[in-house]
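S.K.:
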Amino acid sequence: MDEVFDVTIIGAGPVGLFGAYYAGFRGLRTKLVDSQPDLGGQVTALYPDKYIYDVAGFPKILGKDLITNLVEQAVQYQPAIVLNEEVRSFEYLPDQTIRLVGSGSVHLTRVVLVTAGIGAFTPKTYKRPEFDRYIGHGLYYAVRRKEDFRDKDVLVVGGGDSALDWALNLVPYARQITLIHRRDGFRAHADSVRKLFDSPIGVKLFYELRALRGEPDVTEAVIFHNKTNEEEVLQVDAVLAFLGLLSNLGSIKTWGVTLEDDAIVVNTKMETNLPGVYAAGDVVIYPGKLKLIATGFGEAATAVNNGAHYIKPEVSVFPGHSSTIMEKAEKAAEKEAARQAR
Ligand SMILES: Cc1cc2nc3c(=O)[nH]c(=O)nc-3n(C[C@H](O)[C@H](O)[C@H](O)COP(=O)(O)OP(=O)(O)OC[C@H]3O[C@@H](n4cnc5c(N)ncnc54)[C@H](O)[C@@H]3O)c2cc1C
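Under our numbering, think of the first position of the sequence shown as -1, with each following residue one higher.
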């Protein structure tokens, strides 16, 4: 608890994990803290079994495999990892060391990298007892295992990325999939919308869920057309409702970082307005920001390298090329081994 780390990364999603790798690579003593029980952020919590197609170098990779690779890359440098720990308060000590207080312990650090994503997030639920009593009995707000839907008749509710991604990902598993959406405009990527209409998924626009039936498990869903009020009863084994995410940056908002639209404002070095506090990934905002894993990776590298220079002004921001640095490290290790053998 008394050890002062060079960098403490708040949030172990894909961006925080890559930041931890980069910080280790720069020789910084690094700590990674997350409020969730597992590493991987939204990817682990919301779509471990979904394919991701837009991470450089991987034409297609399952969410959980991407996280496994990121963890393997990050742990090479043995960062301290603290899970189930929500970082709550922030203060500067007189020597500019930063003191963070979490739900379970205190963290001392020279630099903070906030990669808190959309904050502590939970899927929105219907909050209607007549629906939510089916949670665990056929009503799902997230998918953990695609196998759970093998040979099932599935109803997907929603028009965002989660709804379309999951409907498409479950095609090879489910017996039949129907997707209902309350409008005719989709928030999902245009490419997913194209794929949806080219798929065997039955799409019903302007439909909403009215009731679920079955005892104890869901067997029927009553849907209605929100313009004509016409009802239809679907025989289903599973209802996947993607109503959006409730996110909350929580106490980070009280630290004094400049915020805009619930996100942390950063400059091109990924610096916040607070000295020694950097941010990257879904949590940041700047002109042109895209909330994607690919952009978050670049931001993490920028933040950590600028953070390294902040801690030790004598080191350059540019890290050098990884191959050259690794070759030098290997040669130094070989020299050391030879010296010890003598
Ligand atoms: C269904 C779905 C599909 C998606 N598909 C794609 C895709 O195909 N391609 C793509 O590029 N992106 C996709 N995304 C978006 C992508 O998942 C995010 O851009 C990415 O996860 C952002 O990573 P991050 O590390 O910034 O944040 P997150 O993944 O949100 O991780 C942030 C972590 O910070 C932790 N945290 C927050 N506050 C605190 C605190 N105070 N103390 C400690 N820990 C804290 C959280 O618990 C969380 O684990 C998708 C998102 C969803 C929901």
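Note that CB positions come from ideal geometry on N, CA and C, so glycine has one too.
Just so we're clear, the structure is a prediction, and the values are computed from it rather than from any experiment.
Distance, Cα to Cα, Ser33 vs Thr252?
M.R.: Spanning the two alpha carbons is a distance of roughly 18 Å.
S.K.: Excluding the 5 residues preceding and the 5 following Lys62 in the sequence, name in chain order all residues of the same chain whose CB lies nearer than 8 Å to its CB.
M.R.: For Lys62, where only same-chain residues beyond five positions count, the Cβ hits under 8 Å are Gly38, Val41, Thr42, Pro46, Asp47.
S.K.: Once DSSP output is grouped into helix, strand and coil, what is the label at Ser103?
M.R.: DSSP places Ser103 in coil when its eight states are reduced to three.
S.K.: Based on the DSSP secondary-structure assignment, which residues constitute the bridge partners of Arg208?
M.R.: According to DSSP, which records beta bridges pairwise, Arg208 is partnered with nothing at all.
S.K.: Under the DSSP definition of a beta bridge, which residues are partnered with Thr28?
M.R.: DSSP lists Val5 as partners of Thr28.
S.K.: Do the region 96 to 110 and the region 2 to 9 touch if we need at least three Cβ pairs shorter than 8 Å?
M.R.: Yes, the region 96 to 110 touches the region 2 to 9.
S.K.: Could you pull the start and end residues of the alpha helix (DSSP H) that Arg192 belongs to?
M.R.: Per DSSP, Arg192 belongs to the alpha helix (DSSP H) from 188 to 195.
S.K.: Answer yes or no: do Ala278 and Thr270 have a C-beta to C-beta separation smaller than 8 Å?
M.R.: No, Cβ-Cβ distance for Ala278 and Thr270 is not below 8 Å.
S.K.: Using only alpha-carbon positions, find the residue among Val169, Asn227, Pro214, Ala236 that is nearest to Leu203.
M.R.: Selected option, being the one with the closest Cα: Asn227.
S.K.: Have a look at Arg27, Phe195, Pro170, Val315 and flag the residue whose alpha-carbon is nearest the alpha-carbon of Ile178.
M.R.: Closest by alpha carbon: Phe195.
S.K.: Given a threshold of 16 other Cβ atoms within 10 Å of its Cβ, counted over all protein chains shown, does Leu244 qualify as buried or as exposed?
M.R.: Burial call: exposed.
S.K.: What separation, rounded to the nearest whole angstrom, lies between the Cα atoms of Arg131 and Lys125?
M.R.: Rounded to the nearest angstrom, the two C-alpha atoms are 10 Å apart.
S.K.: Output the boundary residues of the alpha helix (DSSP H) element that contains Val13.
M.R.: 12 to 23 is the span of the alpha helix (DSSP H), which, as asked, contains Val13.
S.K.: Taking the DSSP output, what are the residues bridged to Arg97?
M.R.: Beta-bridge pairing links Arg97 to Glu89, Leu106.
S.K.: Is there contact here, the region 113 to 127 with the region 46 to 60, by at least three beta-carbon pairs under 8 Å?
M.R.: The region 113 to 127 vs the region 46 to 60: no contact.
S.K.: Alpha carbon to alpha carbon, how far is Glu297 from Val275? Give it in angstroms, no decimals.
M.R.: Distance between the alpha carbons of Val275 and Glu297 is about 14 Å.
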